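Undergrad:
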Amino acid sequence: MEFRILGPLEIVVDGHAVPTPAPRLCTLLTTLLLRPHRVVPVGELIDRLWADETLPANPTSSIHTYVRRLRAIVGADVLQTRAGGYLLAAEAADLVAFRSYLAKAAEEPAREVEHLRRALDQWRGDPLAVEHHYAVGLVEERLTALEQYYDARLAQGDHTDLLPELRASSAREPLRERFSAQLMIALYRCGRQAEALAAYDEIAARLVDQFGLDPGDELRELRQSILTSTLEPEPRPTGDWVRQNHLPLDIRTLVGRDDLVGQIVRLAAQTDGVPIVVLTGTPGVGKTALAVRSAHQLTSSFPDGVWFVRLRGASDQPRRPDDVLVELLRSSGLDPSAIPDDLDARAAAFRARLAGRRVLLVLDDARDAAQVRPFLPGAAGSAVLVTSRHALDSLVALDGAIGLRVATLTPDDGAALIASLLGRPYDNDIAELVAMCAGLPLALRIAGAVASRGPVSALVDRMRAAGALPVLTIDDDTAVSTAFTTSYDLLDPATQRGFRLLSLFPGPEFGSGAAQALIGRGYAEVLGRLESASLLQPVGADRYVMHDLVKQYAGQRAEPDAGAWNSLCAWYIGTADCAVDTLFPTAVRVPVTSYERRPVDDAAGWLESELINIEAVASRAQVLGPPDAAWLLADILRVYLYEHSLIDAWRRLVRLGAGSAAGNRLGEGAIEHALGVLDRITGDASGAVEHVKKAIELYRSGGFELGEAALLCNLGLAYNDRGQLTDATEALSAGIAIFRGLGEVRFLPRALLNLSMNHEHLGRFHDAIDCTTEYLEIKAAEGDPDTLAAYVNRAGAYCRLGDLEKAAADLQTATLRADRRDVIAWRVAMAALRNRQDKHSEALQYASDAVQDSLDIGSAYHESLSRMVVGECHLEAGDHVTARTFFEQADALAMKSGYDTMLADTHCLLAQCTYLDGRTATAHELATAALAELEAVQYRVGEYHAQVLLARCCTDLGRDDEAAVHRAAAARMREETGYVPSR
């Protein structure tokens, strides 16, 4: 799959364009494509997708929905969730090709026209799907390339052939005077001087009429040259200039940098103004090697020389600009006696020497902008390439420099580098070596040199035992730690302290809140200075990452600091508690009393971005403490992980919490609570009952009545799954009684909801309606829109009573929520309603969607229920053969998970299929067994259908007396419950 944005958005699969998605999905995709392999914050996506439109009620949730839809098109490996936003691991193929051909045009002058033509061929029209300011930038790149293409063609003498294109471009872009100048030059070179002058008059008139502007200096001077027939190339400067090329060796094994080299070459080769390109990045990332490779490729573009100057900015003795200027002026051929004495005069003399010449100046390892400025040329023609460990922001802001951050190598590029250094194919040892070097080129090169003296596996074992940094050393000057020390020594004491404390952070990336918890006062200034020194990398809005080896180095210099660590744990516990409470105010969990609550603006976004860090903090807390951190975090996040079906992360966090909860009754209760919920939703009903019973006793002995009430309601659900409906009703009623006694009305709705489901299974449909109605009254009084599940349950009861009008009204009133389980229940209810309305195709669609949703969230219970309903849809439509397949699937899931009620129901449905096969005697046996199971779990609706089926079987078998008994039993059940069957 590839993407194209230079024109209308295209998605191409196997060489064929596929239909583009909806407009907002197109906007989302192009926004991510323009920032490939970078995290785009959720807030930026919201701004882009809704621009000047009214935001939806929950824009963050809407973004998540659009991301899921786009991920279904492009794949989860391409569209990745990252902290604070999303990352697209793909690029626009046509944009990459366009820029690649531009770079080749700069590298291969002999094929310049060919490469520029291929670059321009990537464009299919205006980039319609791209936001305006990016589209303007892309169009500017295209127009610049078109100017270069025309210049190259004119240099080849293609004046006549170019005339139609030049006329069109000049008319289409009247403000771009270069096209007009090229048209005049082409006409003049064709011997059509009068037409060239007429073209000027036409251009001038157009500018005045349309824009009220006069032609610029270039056009006026060109007109004068054409008028006087003096149009000739500008004379090159002459005199005592001495051409120099000071470039060091271009290393052969520069891997994974082709695109960046092409970008640098393209920027530095621009002729409008003085290009200044600043390369920054982590110590050891390969900035100098990258600059040298780029400079070698630019040599032919700078015929007056290429100078390489080491400024030693990261050392304790950086070079003084005035001393370096003396060397450069003398090297250029200036008489030493003519070199001025002070810095400003020397800088002016240097600018004068560069005027009218094309020189590339490579300034390596600059400390700051002040060290660079004296070397900047004053006139167009020359270019400057700077490397620095610091961002040099003022050079960007005040001098028009372009800053490029050099990233570490990808795992594939790192492996290619090691393999090329060792001259051996890729294997598992090289893979582990690359991972330990974390993509840092200096580390990889030192590792390659060390590994060349012995087996790679031995080097890996040493790094695993001692850590990477002590092993990645050749001598005092050639070591990864030496590169880091040079930067560390330049930091002030407060920033050094912050650098060391950040090594305590156990996760992959962090925000300013975590940094404040670790560092304390002045944390923002510390982060800024570390970012400027390239010891910290920004990876999104208020998100930072420290390279693995830099973090190891910081950890080696750090001393244990229990205060900072405990502060970090307290911040995570307090913030997570507030975030979960904001999203799930009625979720019952152990009260957090010993940690300060810390509000957060975007609770959902914070939890999504910090989940991996919370797990890391819980894991480290096993060793460093505090003792309650892990189990508290597991308990706090229980409802969030449940609602988002993050089962694997939940299990890991619960395992961590179990280790720290021992001996603490509430802690042990919280872990048993979580295990009970996990077992229930993953299909172990018996395990769920046992864990919940333990949790109830632990909460009761710990005085946590609210938790006891909530778990009695959970126990009711688990009993319901096992078909123990009487026990379920008792447990739910006991939990509700405690809630009422505590005056905690806000916790009643969910318990009432679950009790309503129990009443429905027992055939108490009016009681079920009373429970759901009370639920809706409470929610209405609270102004809470969370009513979907209640409407679904009440609609189910109305359906059983045959009141399809009220059932339909409830299902139409219900508002779908983000909770996928409630949505599945709604789809199942809609399927049941449509079946009763004889709209079987609609019913099947609802049920099939429910199956897919169940698979998405990994819920065995919902999958079993949904498959059973799909089977009922086929059965109602007269296709009992297909129905049997789905009933068997539901039966297998219910048996594996211990869902006794559902198991009994599927057995009765399979008996019906057998009866429809014409195997009446076998159907009678199956229905008899199913009836016994249904009576055991007290599922009255199922009992009714089993009795009806048995009556039919007995009639067909000539056992009329038995048939009468079964018919009477079925009629009695209808009278007792009010149940109205569909047929």
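In this note's numbering, the protein residues as written are 96 to 1078.
Backbone N, C-alpha and C fix where the C-beta goes; we use that ideal spot for every residue, glycine too.
Here the structure is a predicted model, which means the values were calculated and not measured.
Just to confirm the assignment: which complete alpha helix (DSSP H) runs, minimum length 4, are found wholly within the region 289-367?
TA: With a minimum length of 4 residues, the continuous alpha helix (DSSP H) runs that stay inside the region 289-367 are 312-322 and 353-363.
Undergrad: My guess is that residue 404 and residue 345 are in contact by the Cβ rule of under 8 Å, so how many angstroms apart are they, rounded?
TA: Numbered from 1 along the sequence shown, position 309 holds the residue referred to as residue 404. Numbered from 1 along the sequence shown, position 250 holds the residue referred to as residue 345. So it is not a contact: roughly 17 Å between Cβ atoms.
Undergrad: Determine the DSSP secondary structure at residue 257, reduced to helix, strand or coil.
TA: Here residue 257 refers to the residue found at position 162 when the sequence shown is read from its first residue. Three-state DSSP puts residue 257 in a helix.
Undergrad: Along the chain, where does the beta strand (DSSP E) containing residue 403 start, and where does it finish?
TA: Translated into positions along the sequence shown, residue 403 becomes position 308. Residue 403 -> beta strand (DSSP E) spans 400-405.
Undergrad: Three or more C-beta pairs under 8 Å: does that hold for the region 672-689 against the region 619-638?
TA: The region 672-689 is not in contact with the region 619-638.
Undergrad: Less than 7 Å between C-beta atoms, sequence neighbours within five positions excluded: which residues of the same chain meet that for residue 709?
TA: Along the sequence shown, one-based indexing puts residue 709 at 614. Counting only Cβ-Cβ distances below 7 Å, and skipping sequence neighbours, we find 667, 671, 728 and 732.
Undergrad: Measuring CB atoms only, is the region 463-473 touching the region 397-414, in the sense that at least three cross pairs come out at less than 8 Å?
TA: The region 463-473 vs the region 397-414: in contact.
Undergrad: Leaving out five residues before and five after residue 273 in sequence, what residues of the same chain have Cβ atoms less than 6 Å from its Cβ?
TA: Counted from its first residue, the sequence shown places residue 273 at position 178. Closer than 6 Å at the Cβ level, and outside the excluded window around residue 273, lie 242.
Undergrad: Is there contact between the region 848-867 and the region 883-897, where contact requires at least three CB pairs shorter than 8 Å?
TA: Output reads yes: the region 883-897 touches the region 848-867.
Undergrad: Quick check on DSSP: helix, strand or coil for residue 983?
TA: Here residue 983 refers to the residue found at position 888 of the sequence shown. In this structure, residue 983 counts as helix in the three-state DSSP scheme.
Undergrad: Taking 8 Å as the cut-off, does the region 99-117 touch the region 135-147 (at least 3 CB pairs, one atom from each stretch)?
TA: They do not touch, by the three-pair rule.
Undergrad: Quick check: the Cα distance between residue 126 and residue 911, rounded to an integer number of angstroms?
TA: Taking the first residue of the sequence shown as position 1, residue 126 is located at position 31. Taking the first residue of the sequence shown as position 1, residue 911 is located at position 816. The alpha-carbon atoms of residue 126 and residue 911 are separated by roughly 29 Å.
Undergrad: If we ignore side chains and look at the alpha-carbon of each, how far apart do residue 429 and residue 339 end up?
TA: Working through the sequence shown from its first residue, we reach residue 429 at position 334. Working through the sequence shown from its first residue, we reach residue 339 at position 244. In a straight line, the C-alpha of residue 429 is about 13 Å away from that of residue 339.
Undergrad: Can you tell which of 427, 385, 470 and 396 has the C-alpha that lies nearest to the C-alpha of residue 414?
TA: To locate residue 414, count along the sequence shown from 1; it is residue 319. Out of 427, 385, 470 and 396, 470 has the C-alpha closest to the C-alpha of residue 414.
Undergrad: Could you check the C-alpha separation between residue 736 and residue 101 for me, to the nearest Å?
TA: Sequence index remark: in the sequence shown, residue 736 carries index 641 (1-based). Sequence index remark: in the sequence shown, residue 101 carries index 6 (1-based). In a straight line, the C-alpha of residue 736 is about 41 Å away from that of residue 101.
Undergrad: Distance check for residue 640 and residue 130, CA to CA, integer angstroms please.
TA: Residue 130 sits at position 35 when you count from the first residue of the sequence shown. Residue 640 sits at position 545 when you count from the first residue of the sequence shown. Between residue 130 and residue 640, the C-alpha separation is close to 18 Å.
Undergrad: Taking the alpha-carbon of residue 690 as reference, which of 661, 706, 714 and 677 has the nearest alpha-carbon?
TA: Counting from one through the sequence shown, the residue named residue 690 turns up at place 595. Of the candidates 661, 706, 714 and 677, the one whose C-alpha sits nearest the C-alpha of residue 690 is 661.
Undergrad: Using three-state DSSP, classify residue 213 as helix, strand or coil.
TA: Stepping through the sequence shown from its first residue, residue 213 is reached at position 118. Of the three classes helix, strand and coil, the one that applies to residue 213 here is helix, per DSSP.
Undergrad: What separation, rounded to the nearest whole angstrom, lies between the Cα atoms of residue 1017 and residue 1052?
TA: For this step, residue 1017 is matched to residue 922 along the sequence shown. For this step, residue 1052 is matched to residue 957 along the sequence shown. In a straight line, the C-alpha of residue 1017 is about 11 Å away from that of residue 1052.
Undergrad: Count the C-beta pairs between the region 365-376 and the region 424-441 that are closer than 8 Å, then say yes if the count reaches three, no if not.
TA: No contact exists between the region 365-376 and the region 424-441.
Undergrad: When DSSP labels each residue in this structure, what does residue 714 get in the three-state scheme?
TA: The count along the sequence shown starts at 1 and reaches residue 714 at position 619. Helix at residue 714.
Undergrad: If I measure Cβ to Cβ from residue 634 and keep anything under 6 Å in the same chain, skipping five residues before and after, which residues do I get?
TA: Stepping through the sequence shown from its first residue, residue 634 is reached at position 539. Same-chain partners within the cutoff: 134, 604 and 640.
Undergrad: For residue 854 and residue 939, what's the separation of their Cα atoms in angstroms?
TA: By 1-based counting over the sequence shown, the position of residue 854 is 759. By 1-based counting over the sequence shown, the position of residue 939 is 844. About 27 Å.
Undergrad: Touch check for the region 279-289 and the region 246-262: three-plus C-beta pairs under 8 Å?
TA: Counting Cβ pairs under 8 Å, three or more are found: they touch.
Undergrad: Candidates 1027, 1066, 1055 and 700: which alpha carbon is nearest residue 1043's?
TA: Taking the first residue of the sequence shown as 1, we reach residue 1043 at position 948. Answer by Cα proximity: 1066.
Undergrad: In whole angstroms, give me the CA-to-CA distance for residue 843 and residue 876.
TA: Indexing the sequence shown from 1 puts residue 843 at position 748. Indexing the sequence shown from 1 puts residue 876 at position 781. The straight-line gap from Cα to Cα measures roughly 13 Å.
Undergrad: Leaving out the 5 sequence neighbours to the left and right, which residues in its chain are closer than 7 Å to residue 621 when beta-carbon positions are compared?
TA: Along the sequence shown, one-based indexing puts residue 621 at 526. Excluding residues within five positions, the ones whose Cβ falls inside 7 Å are 589, 590, 593 and 614.
Undergrad: By Cβ distance below 7 Å, which residues in the same chain neighbour residue 333 in space, the five residues on each side in sequence not counted?
TA: The sequence position of residue 333 within the sequence shown is 238, counting from 1. Confidence at residue 333 is low in this model, with a pLDDT of 37, below 50, so its placement is unreliable and no value can be given for it.
Undergrad: Name the one or two DSSP bridge partners that residue 638 has.
TA: One-based indexing of the sequence shown puts residue 638 at position 543. Answer is 606 and 635, bridged to residue 638.
Undergrad: Taking DSSP as the reference, what is the three-state secondary structure of residue 630?
TA: For the purposes of this step, residue 630 is taken as the residue at position 535 of the sequence shown. Coil at residue 630, not helix or strand.
Undergrad: For residue 319 and residue 297, what's the separation of their Cα atoms in angstroms?
TA: Within the sequence shown, numbered from 1, the residue matching residue 319 stands at position 224. Within the sequence shown, numbered from 1, the residue matching residue 297 stands at position 202. The straight-line gap from Cα to Cα measures roughly 16 Å.
Undergrad: Nearest by alpha-carbon distance to residue 169: which of 444, 212, 238 and 116 is it?
TA: The count along the sequence shown starts at 1 and reaches residue 169 at position 74. Out of 444, 212, 238 and 116, 116 has the C-alpha closest to the C-alpha of residue 169.
Undergrad: Would you mind reading off the limits of the beta strand (DSSP E) that contains residue 107?
TA: Taking the sequence shown and counting its residues from 1, one reaches residue 107 at position 12. Run containing residue 107: 105-108, per the beta strand (DSSP E) assignment.
Undergrad: Return the chain-ordered list of same chain residues with a C-beta closer than 7 Å to the C-beta of residue 360, the five sequence neighbours on each side being excluded.
TA: Here the question's residue 360 lines up with position 265 in the sequence shown. Here the set comprises 198, 201, 202, 389, 392 and 393.
Undergrad: Tell me, please, whether the region 645-659 touches the region 693-710 by the rule of three or more beta-carbon pairs shorter than 8 Å.
TA: No, they do not touch.
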